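Numbering (my numbering), first residue to last: 191 to 364.
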């Protein structure tokens, strides 16, 4: 969960820095970002299907794997083009023009509030899922398989969706 939240903090920094505006204005850059994120998602899905791990009652994660899971989580949320677009579309709507706070500070605060909300939701879902799935290994394996298949499917569909939307941009411009 720490990795996922770190990815959202990184996206907040990108939006605050103005890089997101450049990405949003360039369909090619957004397409490349989508392709990289989709490839990573397909890779994660295939790895999940090939080597599924299921929680067992009383088992704790090994200490050495925390960093690997955190980096993986940061990659998932940090390379998610939909999260970047969410930040681009949603955060500016809540900016108070003419406020005493600069726009960048307002966006940073809104991004951090989003990250805090994600932390609360992810903690609740993760705690409940751990309690249920550790006592039901068959259900845990099914959830892991479905998650892997969903990652592959979403990763395969993201480039298609991006190309279709890029094509509609080109059609509407031309």
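From the three backbone atoms N, C-alpha and C, an ideal C-beta is built for every residue, glycine too.
All of these numbers come straight from a predicted model, not from anything done at the bench.
For residue i, three-class secondary structure by DSSP
i	result
residue 287	coil
residue 208	coil
residue 201	helix
residue 241	coil
residue 259	helix
residue 326	coil
residue 191	coil
residue 292	coil
residue 216	coil
Beta-carbon proximity check, residue i vs residue j, cutoff 8 Å
i	j	result
residue 230	residue 263	no
residue 305	residue 199	yes
residue 227	residue 348	yes
Rounded separation between residue i and residue j - CA only
i	j	result
residue 361	residue 354	The predicted position of residue 361 is uncertain, since its pLDDT is 49 and thus under 50; a value taken from the coordinates is nonetheless stated next. Straight-line Cα distance between these residues: approximately 10 Å.
residue 325	residue 291	50 Å
residue 224	residue 281	20 Å
residue 330	residue 323	5 Å
residue 260	residue 196	8 Å
residue 243	residue 289	50 Å
Enclosing alpha helix (DSSP H) for residue i [first to last residue]
i	result
residue 269	Unbroken run through residue 269: none, as it is neither H nor E.
Beta-carbon separation (whole angstroms), residue i vs residue j, contact threshold 8 Å
i	j	result
residue 298	residue 206	5 Å
residue 239	residue 338	4 Å
residue 202	residue 302	6 Å
residue 191	residue 316	6 Å
residue 286	residue 296	7 Å
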